[in-house]
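*Asks:* Please see the structure below; I have some questions.
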Amino acid sequence: MKFMTTVVIDIGTTNIKTGIFDDDGQLLDLHYERVNLEVDATGRAEQDPYDIYSKVVASLRHASRVTGGEAEAIFFTSQMHSAMLLDKNGEPLSRLITYLDTRLSLHLDELSLKNHDLYHETGCPPLIIYPLPKIIYLKKILKPDTKHKIAVSVKEFPLLKLTGHLVVDASTASGAQMVDIHSLKWSEHAVSLAQLSEENLPELVIGEKEYLELTSDAASLIGFKKGTPVYPGVSDAGAHSFGVLAIEENTLALNVGTSAAIRLTKPEPQVDRYDMRFFSYYAGNSRWIIGGAINNAGIAVEWFLKSFATAEEIVSDTARIDKFSLLDVEAQLSPPGANGLIFLPYLTGERFPIRDPYFRGVLYGASLSTTRNDVLRAIMEGVAFTLKMIYNALQENGLNASIIHGGGGGLRMKTWRQIFSDIFGIPLLVVREDYEPTLIGGWLHFALANGLISYKEALYRFKEVLQDGANPDPFTSEFYSEYVNLFIKLYNTLRDYSREFHNFTKKHVKVF
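Right under this line is the structure:
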């Protein structure tokens with residue numbers, strides 16, 4: 001099968017990005033559409049499915065103008081862990097609840113998800129980010145009739161509108177806590193917990209291989225030909241890991257943006273033998289990604305910037321200097337260990353590896369000699385320590401890496417790159433700043449599934465996008481290997497207290 005032009009569309013929580021690729025995987029055009037995320041003080045974080053669909057249409061119209069309507073295939077990637085209910089005709093009964101929504105934190109104990117059987121079957125720990133608890137909760141509130149449908153991602157609704165079929169790809173659905181990661185079928189256990197039947201579920205497909213076709217109405221609307229292949233595709237996590245070329249078993253993918261994640265790519269799923277400290281999702285192309293994601297990464301640095309670095313904001317605005325470049329210089333002025341300061345960066349609670357929605361940020365060790373630079377470095381170290389806790393859990397299960405491939409805005413900061421390399425004790429390579437790992441990862445999944453490229457060719461063709469990021473300093477790595485234990489001990493000491501403190505402040509103090 002030969003494809004000359006491929007459109008890859010990535011649906012995120014704030015933007016829809018669309019890339020047009022030639023047959024060699026070269027990005028010919030990049031387009032953004034802003035989407036709305038509705039949040040409030042209750043923890044609500046929802047999106048309007050009609051807004052998402054309209055922006056998908058706008059994105060594809062742009063692509064059709066660029067290509068003259070001649071795209072050979074449309075391939076989707078998207079955010080994971082969203083959910084909504086649909087009526088029997090596929091129209092939304094609810095808004096789309098995203099992974100950022102925290103309203104279920106008070107109900108998790110009621111949802112009967114804290115058992116190892118469900119984790120071992122689905123690869124998803126008991127967390128409120130997943131669609132399964134959201135669907136259980138939505139059904140209790142909305143009480144839909146028995147013919148309702150469910151969506152376990154942001155993709156199903158626009159795909160239904162474009163193709164007439166309600167489907168979801170196994171890669172994205174594997175992050176729903178509802179798919180048996182061993183068979184890539186719906187989990188009977190999860191379906192039973194949600195009190196669903198097969199007729200309520202979207203069709204589960206191998207989205208990098210199986211495609212639908214554009215309907216005549218959709219073709220007229222967006223400008224592509226009727227019958228154009230539409231691939232449900234893969235998750236953004238599966239696409240990102242491939243996009244940073246973390247497709248060999250010894251390569252750890254690192255993504256540092258507002259949130260952050262680490263993932264190893266393996267030829268089979270694997271779960272935590274000792275607890276439920278990491279996930280196991282289907283990436284696509286007979287590969288699984290095993291790792292964990294954290295809420296608090298770049299968002300913690302943004303909090304520091306807004307709360308303690310107004311001067312940098314002013315200088316950045318007036319002198320047109322990147323504010324993160326200024327912060328990078330400041331963080332370098334504090335030594336490893338931040339002069340005895342530890343920051344538990346859980347400003348919004350945390351999901352991996354601690355599964356604690358109630359904990360909040362803690363700055364420990366402050367003295368009269370503590371500087372802003374120390375606080376900034378402690379934040380950056382705290383983020384890296386949390387990811388190292390996930391990596392420790394992977395190592396305890398025999399999963400190791402010898403190199404990191406990283407991407408995301410946080411890794412533009414040289415100091416943070418060095419911190420990650422020193423704490424993990426292995427070299428870090430980063431992708432070029434102009435590189436689009438998720439879109440290119442989507443193209444790689446498509447190309448691999450359709451025989452356009454092999455894994456070996458992919459590594460060779462795109463190797464120039466990787467640049468030296470940092471190499472670990474042996475003395476600093478040895479220091480951090482001990483310091484991270486103090487970080488973990490501090491969290492464990494405060495863990496039980498955090499629930500008590502949360503309950504008190506929820507009742508008496510308007511901060512949550």
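With the UniProt record's numbering, letter number 377 in the sequence shown gets 377, and the count goes up by one each step, no holes.
All C-beta atoms in this analysis are idealised placements derived from N, C-alpha and C, irrespective of residue type, glycine included.
Assuming I390 contacts P353 (C-beta within less than 8 Å), just tell me the rounded distance between them.
*Replies:* The Cβ separation is near 5 Å, so the contact holds.
*Asks:* Which same chain residues end up closer than 8 Å to L85 when comparing Cβ atoms and leaving out the 5 residues on each side of it in sequence?
*Replies:* Result list for L85: P92, L93, S94, I135, L138, K139, L142, P144, H148, K149, I150 and A151, in chain order.
*Asks:* Quick test of your reading: V35 and T18, contact by CB under 8 Å. State the CB separation rounded to the nearest angstrom.
*Replies:* About 12 Å separates the two Cβ atoms, so there is no contact after all.
*Asks:* Spatial neighbours of I20 within its chain, please: CB distance less than 7 Å, with the 5 preceding and 5 following residues excluded, ordered by chain position.
*Replies:* T5, V7, L28, D29, A63, V66 and T67.
*Asks:* Indicate the three-state DSSP secondary structure (helix, strand or coil) for R61 in the structure shown.
*Replies:* Helix.
*Asks:* Closest by CA to V375, which one among V234, I342 and I403?
*Replies:* Comparing Cα positions, the closest option is I342.
*Asks:* Considering just the uninterrupted stretch of the alpha helix (DSSP H) at T6, what are its terminal residues?
*Replies:* Segment T6 to I11 is the beta strand (DSSP E) holding T6; no alpha helix (DSSP H) there.
*Asks:* Can you give the Cα-Cα distance for L96 and P131, rounded to whole angstroms?
*Replies:* Answer to the nearest angstrom: the Cα atoms are 10 Å apart.
*Asks:* Just to confirm my understanding: we take V244, look at its own chain, exclude 5 residues before and 5 after, and list those with CB closer than 6 Å. What are they?
*Replies:* Only A253, H405, G407, V431 and P437 meet the Cβ criterion.
*Asks:* For S78 versus K155, is the C-beta distance shorter than 9 Å?
*Replies:* Cβ atoms of S78 and K155: closer than 9 Å.
*Asks:* How about the segment 476-491 and the segment 414-430: do they share at least three Cβ pairs that are nearer than 8 Å?
*Replies:* At 8 Å Cβ cutoff, the stretches touch.
*Asks:* Is the segment 163-183 in contact with the segment 226-234, if contact means three or more CB pairs nearer than 8 Å?
*Replies:* Judged by Cβ distances under 8 Å, the segment 163-183 makes contact with the segment 226-234, as three or more pairs qualify.
*Asks:* Taking 9 Å as the cut-off, decide whether the C-beta atoms of S197 and V205 are in contact.
*Replies:* Not in contact: S197 and V205 (Cβ atoms no closer than 9 Å).
*Asks:* Compute the minimum distance between the beta carbon of R355 and the heavy atoms of the ligand ADP, and state whether it is under 8 Å.
*Replies:* Ligands displayed in this structure: none; no statement on the ligand ADP is therefore possible.
*Asks:* With a CB to CB cut of under 7 Å and the five nearest residues on each side skipped, what residues in its chain are close to Q467?
*Replies:* Cβ within range, chain order: L429, V430 and R432.
*Asks:* For Q418, I'd like the list of residues in its chain whose CB is within less than 7 Å of its CB, leaving aside the five on either flank, ordered along the chain.
*Replies:* So the qualifying residues of the chain are A470.
*Asks:* In the DSSP output, which residue or residues are listed as bridge partners for V375?
*Replies:* None, per the DSSP bridge assignment.
*Asks:* Quick test of your reading: H81 and I129, contact by CB under 8 Å. State the CB separation rounded to the nearest angstrom.
*Replies:* With a Cβ gap of about 5 Å, H81 and I129 count as contacting.
*Asks:* Measuring alpha carbon to alpha carbon, tell me which residue in N250, V465, V484 and G382 is nearest S402.
*Replies:* Answer by Cα proximity: N250.
*Asks:* Please identify the residue among N339, Y346, L37 and G349 whose C-alpha is closest to the C-alpha of T98.
*Replies:* Nearest C-alpha to T98: L37.
*Asks:* Taking the alpha helix (DSSP H) that T98 belongs to, which residues open and close that run?
*Replies:* It is not in any alpha helix (DSSP H) - T98 carries neither H nor E in the DSSP assignment.
*Asks:* Is DSSP giving L160 helix, strand or coil here?
*Replies:* Here L160 sits in helix by DSSP.
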